[in-house]
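A.B. asks: After the structure tokens below, expect a handful of questions from me.
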Amino acid sequence: MTDRAKVTTLADAVRLIPDSATVGVGGNSQSRKPMALIREMVRQGRSDLTVVTFLGGIDVELLLAGGCVKEVRAALVSLDLVGLAPLYAAIDPAKCVCETEASLVYGLRASAAGVSFLPSRGTLHTDIPKVRGDLKRVESPYEDEELIAMPALQIDVALIHTSWSTPLGTAGTEGVPVLDRLLSEAARQTIVTTEQVLPNEDPLGDVLVRRSRTTAVVEAKFGAHPTGCFPYYRQDIAFLASYAAQVKERGAEAALSLFTHSSQPEDKRVDREQILVQL
Numbered sequence: 072m073t074d075r076a077k078v079t080t081l082a083d084a085v086r087l088i089p090d091s092a093t094v095g096v097g098g099n100s101q102s103r104k105p106m107a108l109i110r111e112m113v114r115q116g117r118s119d120l121t122v123v124t125f126l127g128g129i130d131v132e133l134l135l136a137g138g139c140v141k142e143v144r145a146a147l148v149s150l151d152l153v154g155l156a157p158l159y160a161a162i163d164p165a166k167c168v169c170e171t172e173a174s175l176v177y178g179l180r181a182s183a184a185g186v187s188f189l190p191s192r193g194t195l196h197t198d199i200p201k202v203r204g205d206l207k208r209v210e211s212p213y214e215d216e217e218l219i220a221m222p223a224l225q226i227d228v229a230l231i232h233t234s235w236s237t238p239l240g241t242a243g244t245e246g247v248p249v250l251d252r253l254l255s256e257a258a259r260q261t262i263v264t265t266e267q268v269l270p271n272e273d274p275l276g277d278v279l280v281r282r283s284r285t286t287a288v289v290e291a292k293f294g295a296h297p298t299g300c301f302p303y304y305r306q307d308i309a310f311l312a313s314y315a316a317q318v319k320e321r322g323a324e325a326a327l328s329l330f331t332h333s334s335q336p337e338d339k340r341v342d343r344e345q346i347l348v349q350l
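Residues 72 to 350 in our numbering are what the sequence shown spells out, letter by letter.
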């Protein structure tokens, strides 16, 4: 794979992810989760991963079911309209790092800037510093003020699903960008899966991931299913509800079985106003 040809297969892309890596998963709860990559990670037996995601859902569930996870760092993990994420709800608390949306943003910003921490007020008057031994209080050198030094959150590999990508990895989405741009800037490597690889280097719209940050590009139609990808398909609420019911009854084995035998949704564009309600 040369710099002029970043398009590759799912299997080869996942081989770029070592065991024990810190993996940043893009998307937002039930929107644009890189599920094709996550399925392949489970198939290849990745293990001891630290999973970082802004708002997690079925992505974290499948990685837990596959025995891939050492630690989860997320502001929230749920199945959104369906309710609690059953495997995450049963996780050993020792595997969870207490994060907020603000702590994740500051940690990723520090990493992207190449500094060891950024000062923050966000968690100063909360109980989070009591349960996070890595959070230190610092004095501002400019004012009489105490702040929290939010440590940089280094990402080894970012996994991001987009609506489109050029062959060299300039990628974008027509949906909500969430933290994906920041995630790619903070990561050492970024793997992009996309609904379509464009025939040339002309972007279709606003850029989410710069090609200088992209390591590999994989065309994966329906690659976010059962989460949604505007404007191609909505989140599959029926699938998620079935998943939650079966996992509550039979555990992780049901999760792996359901994903192995799941079918792809119909290739059908949807109305922007309708899908934005679900993003």
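Glycine included, C-beta positions come from ideal geometry on N, C-alpha and C.
#1: Thinking C-alpha only, which one of Y304, Q306, E324 and P297 is nearest A107?
#2: Helix, strand or coil: how does DSSP classify Q260 here?
#3: Going by DSSP, name the residue or residues bridged to G299.
#4: Quick one, which of L239, G299 and R86 has its alpha-carbon nearest N271's?
#5: Determine the extent of the alpha helix (DSSP H) in which V202 is found, giving its start and end residues.
#6: According to the neighbour-count rule (16 or more other Cβ atoms, all chains shown, within 10 Å of its Cβ), is R340 buried or exposed?
#7: What is the DSSP secondary structure of D227, counted as helix, strand or coil?
#8: Could you tell me which of A184, M221, A183 and S234 sits nearest to G193, measuring between CA atoms?
#9: Smallest Cα separation from L311: which of K166, V288 and D151?
#10: Can you tell me whether DSSP reads D74 as helix, strand or coil?
#11: Identify, in the order they occur along the chain, each residue of the same chain with its Cβ nearer than 7 Å to the Cβ of Q115, setting aside the five sequence neighbours on each side.
#12: Along the chain, which unbroken stretches of the alpha helix (DSSP H) at least 4 residues long are found entirely within the stretch 94 to 157?
#13: Quick check on K319: does DSSP put it in helix, strand or coil?
#14: Return the first residue and the last residue of the alpha helix (DSSP H) that S182 is part of.
#15: If you follow the alpha helix (DSSP H) that V85 is in, where does it begin and where does it stop?
#16: Report back the beta-carbon spacing between V228 and V94 to the nearest angstrom; my notes put them in contact at under 8 Å.
#17: In terms of alpha-carbon separation, which member of D119, A136, T124 and P89 lies closest to F330?
#18: State the CB to CB distance for the pair L120 and A146, rounded to an integer number of angstroms; the pair is presumed to be in contact (CB under 8 Å).
#19: Whole alpha helix (DSSP H) runs in the stretch 207 to 256 with 4 or more residues, listed along the chain?
#20: Three or more C-beta pairs closer than 8 Å, one from the stretch 255 to 263 and one from the stretch 279 to 290: is that the case here?
#21: Which of the three DSSP states, helix, strand or coil, is assigned to A287?
#22: Considering F293, what are the terminal residues of the beta strand (DSSP E) in which it resides?
#23: Quick one: what's got a C-beta closer than 6 Å to Y303's C-beta in the same chain, skipping five residues either side?
#24: Tell me the DSSP secondary structure of P190 in three-state form.
#25: Could you name the residues of the same chain whose beta carbon sits closer than 7 Å to that of E132, not counting the 5 residues immediately before and after it, in chain order?
#26: Quick check on P212: buried or exposed, where buried means 16 or more other Cβ atoms within 10 Å of its Cβ?
#27: Taking the alpha-carbon positions, what's the A295 to I199 distance?
C.D. replies: Quick look at the numbers:
#1: On the sequence shown, position 36 is the one that residue 107 refers to. Looking at the Cα atoms, P297 is the closest of the given residues.
#2: Position 189 of the sequence shown holds residue 260. The answer is strand: DSSP assigns Q260 an E or B state.
#3: For the purposes of this step, residue 299 is taken as residue 228 along the sequence shown, with counting starting at 1. Answer is S102, bridged to G299.
#4: Residue mapping note: residue 271 aligns to position 200 of the sequence shown, counting from 1. For the residues L239, G299 and R86, the minimum Cα distance to N271 belongs to L239.
#5: Within the sequence shown, numbered from 1, the residue matching residue 202 stands at position 131. That run of the alpha helix (DSSP H) goes I199 to V202.
#6: Counting from one through the sequence shown, the residue named residue 340 turns up at place 269. Because the pLDDT at R340 is just 46, under 50, the model does not fix this residue reliably, and the value given afterwards should be weighed accordingly. With fewer than 16 Cβ atoms within 10 Å of its Cβ, R340 is classed as exposed.
#7: Along the sequence shown, one-based indexing puts residue 227 at 156. It is a strand residue.
#8: As a working note, residue 193 is residue 122 in the sequence shown. For G193, the nearest C-alpha among the options comes from M221.
#9: Taking the first residue of the sequence shown as position 1, residue 311 is located at position 240. It is D151 whose Cα lies nearest to the Cα of L311.
#10: To locate residue 74, count along the sequence shown from 1; it is residue 3. Summary for D74: the model assigns pLDDT 47, below 50, so the residue's position carries little reliability; its value from the coordinates is reported in the next sentence. Coil at D74, not helix or strand.
#11: Numbered from 1 along the sequence shown, position 44 holds the residue referred to as residue 115. Excluding sequence neighbours, Q115 sits near V85.
#12: 106 to 115 and 129 to 136
#13: Residue mapping note: residue 319 aligns to position 248 of the sequence shown, counting from 1. It is helical.
#14: Translated into the one-based positions of the sequence shown, residue 182 becomes position 111. From DSSP, the alpha helix (DSSP H) with S182 extends over E172 to A184.
#15: Here residue 85 refers to the residue found at position 14 when the sequence shown is read from its first residue. Segment L81 to V85, the alpha helix (DSSP H) holding V85.
#16: If you number the sequence shown from 1, residue 228 lands on position 157. If you number the sequence shown from 1, residue 94 lands on position 23. At roughly 5 Å, the Cβ-Cβ gap stays under 8 Å, so V228 and V94 are in contact.
#17: As a working mapping, residue 330 is identified with position 259 in the sequence shown. Minimum Cα distance to F330 is reached at A136.
#18: The residue you call residue 120 lines up with position 49 of the sequence shown. The residue you call residue 146 lines up with position 75 of the sequence shown. Actually they are not in contact, since the Cβ atoms of L120 and A146 sit about 18 Å apart, beyond 8 Å.
#19: none
#20: yes
#21: Against the sequence shown, residue 287 aligns to sequence position 216. Strand, per DSSP.
#22: Indexing the sequence shown from 1 puts residue 293 at position 222. F293 -> no beta strand (DSSP E), and no H or E assigned at all.
#23: As a working mapping, residue 303 is identified with position 232 in the sequence shown. Once the five neighbours on either side are set aside, the close Cβ partners of Y303 are E266.
#24: Within the sequence shown, the letter at position 119 stands for residue 190. P190 falls in the strand class under three-state DSSP.
#25: As a working note, residue 132 is residue 61 in the sequence shown. Here the set comprises A156, L158, Y159 and A326.
#26: On the sequence shown, position 141 is the one that residue 212 refers to. It is exposed - the Cβ of P212 has fewer than 16 other Cβ atoms within 10 Å.
#27: Position 224 of the sequence shown holds residue 295. Position 128 of the sequence shown holds residue 199. Taking the straight line joining both Cα atoms gives about 32 Å.
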